[in-house]
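Numbering (the UniProt record's numbering), first residue to last: 1 to 319.
Heads up: the structure comes next, in structure tokens.
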Amino acid sequence: MIAGCGRSDTQTAGNSSGSGDQETLRIAVIPKGTSHKFWKSVHLGAKRAADEIGNIEIIWRGPVVEDDTGSQIEVVKNMITMQVDGIALAPNQKGGLVDAVDEAIGEGIPVVIFDSGLDEGPEIVSYVATNNFKGGELAADQMAKAIGEKGDVILLRYLAGSESTERREEGFLQGIKKYPDIKVVSSDEFAGANATGSKEKVDQLLQIHGKDLSGIFAVCEPNANGTLESLRNAGLNKKVKLIAFDPSDALIEGLRDGSCSGIVLQDPIEMGYQSIMSLVKSMQGEEVPEFQSTGEYVATPLNMDEPEIKKLLNPEMVQ
1 MIAGCGRSDT QTAGNSSGSG DQETLRIAVI PKGTSHKFWK SVHLGAKRAA DEIGNIEIIW
61 RGPVVEDDTG SQIEVVKNMI TMQVDGIALA PNQKGGLVDA VDEAIGEGIP VVIFDSGLDE
121 GPEIVSYVAT NNFKGGELAA DQMAKAIGEK GDVILLRYLA GSESTERREE GFLQGIKKYP
181 DIKVVSSDEF AGANATGSKE KVDQLLQIHG KDLSGIFAVC EPNANGTLES LRNAGLNKKV
241 KLIAFDPSDA LIEGLRDGSC SGIVLQDPIE MGYQSIMSLV KSMQGEEVPE FQSTGEYVAT
301 PLNMDEPEIK KLLNPEMVQ
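Take a look at the structure:
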């Protein structure tokens, strides 16, 4: 995956030239980051909604990396200055973006939150996301199947303040309680926002727990990529069962060769699509639900070639 240079340029979707007297709406879509495939699929979903509605200009901007909260706040403030008609935001820090979202709403700009939640306060239009707690529970069940409901496992956390991954972590810890012979030997280590940092963290954890370890749950794509690399380097990629959240080429290959025992999947295209649809419906005076789930699924070595799972393992992206 290749990151762009700085923030991505403005991109237009829909009939931005307008038709008749209908005014073109400018909607800013601000992901956590622009580097990973997941966000490029969200972008495609947003464009599809804009094309379907017509007279929508999508302004796609965000930080390159997912832990750059300062840059994401700056993007939101720039969109306020540009006086966009609406904002769809995936906050990379649940508390850090509250003031910026409040400011946008105060300026009369409606906001939909997607992918990852925001702390209470701002009166957002809707929250469009995977049920991440349920996703964590699915990961726990898949882990139990992979290790025969017995053994030591690690929960590898992401970043403090990331609501989506915190919910996955909570769901996993709750779900694993159903299996009394599974022991969580580490659940307080944060691997950060990139695969390199995750690999280094897993290298350390394997030094401590590797001898008796049965499995690792990595709660997001970069963490899982780093975990897989660490396990391969240590020769433990078949012994220690990896459960991932979100796919990558390396993880799909791992699913096929037995190095990955399951990947919890989201539907990023639907997430982008529903975010724009909800925002526009709200602008038109329609009621929209406070929370909209876009679904959660599990890919395994047994079902990975089924059409629906295959589609979610390799979602289309903006080119």
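Glycine included, C-beta positions come from ideal geometry on N, C-alpha and C.
- Between the segment 61–76 and the segment 293–312, the count of C-beta pairs closer than 8 Å stays below three; the two stretches do not touch.
- When the Cα atoms are used, threonine 196 and aspartate 203 turn out to be separated by approximately 11 Å.
- By the CB criterion at 7 Å, phenylalanine 172 and phenylalanine 217 fall inside the cutoff.
- About 16 Å separates the beta carbon of leucine 159 from that of glycine 136, a gap too long to meet the 8 Å contact definition.
- In the DSSP secondary-structure assignment, glutamine 292 is bridged to Val128.
- Serine 261 and asparagine 237 have their C-alpha atoms spaced approximately 10 Å apart.
- The three-state secondary structure of arginine 157, taken from DSSP, is strand.
- With fewer than 16 neighbouring CB atoms inside 10 Å of its own CB, proline 289 falls in the exposed class.
- Apart from sequence neighbours up to five positions away, the residues of its chain that approach alanine 140 with a beta-carbon distance below 6 Å are Phe172, Gly175, Ile176, ordered along the chain.
- In the three-state DSSP reduction, lysine 177 falls in the coil class, being neither helix nor strand.
- In the three-state DSSP reduction, leucine 118 falls in the coil class, being neither helix nor strand.
- Partner residues in a beta bridge of lysine 37, as assigned by DSSP, do not exist.
- In the structure shown, the three-state DSSP call for glycine 192 is coil.
- Annotation for proline 63: Gly33, Ser71, Gln72 place their beta carbon closer than 6 Å to its own, counting only its chain and skipping 5 residues before and after.
- An exposed status is given to glycine 285, since fewer than 16 other beta-carbon atoms sit within 10 Å of its beta-carbon.
- According to the DSSP assignment, alanine 218 belongs to no alpha helix (DSSP H) but to the beta strand (DSSP E) extending over 213–218.
- Isoleucine 154 and glutamine 207 have their alpha carbons spaced roughly 13 Å apart.
- Taking a cut-off of 8 Å on C-beta distances, the segment 249–257 does not touch the segment 271–280, as fewer than three cross pairs fall below it.
- Contact between leucine 89 and valine 98 does not hold, since their C-beta atoms are separated by about 11 Å, which reaches or exceeds 8 Å.
- In the DSSP secondary-structure assignment, leucine 228 is not bridged to any residue.
- For alanine 244, the enclosing beta strand (DSSP E) starts and ends at 241–245.
- A buried status is given to proline 31, since no fewer than 16 other beta-carbon atoms sit within 10 Å of its beta-carbon.
- Between serine 126 and glutamine 292, the beta carbon gap of about 6 Å places them in contact (Cβ cut-off 8 Å).
- With contacts defined by Cβ atoms closer than 7 Å, aspartate 152 and lysine 183 form a contacting pair.
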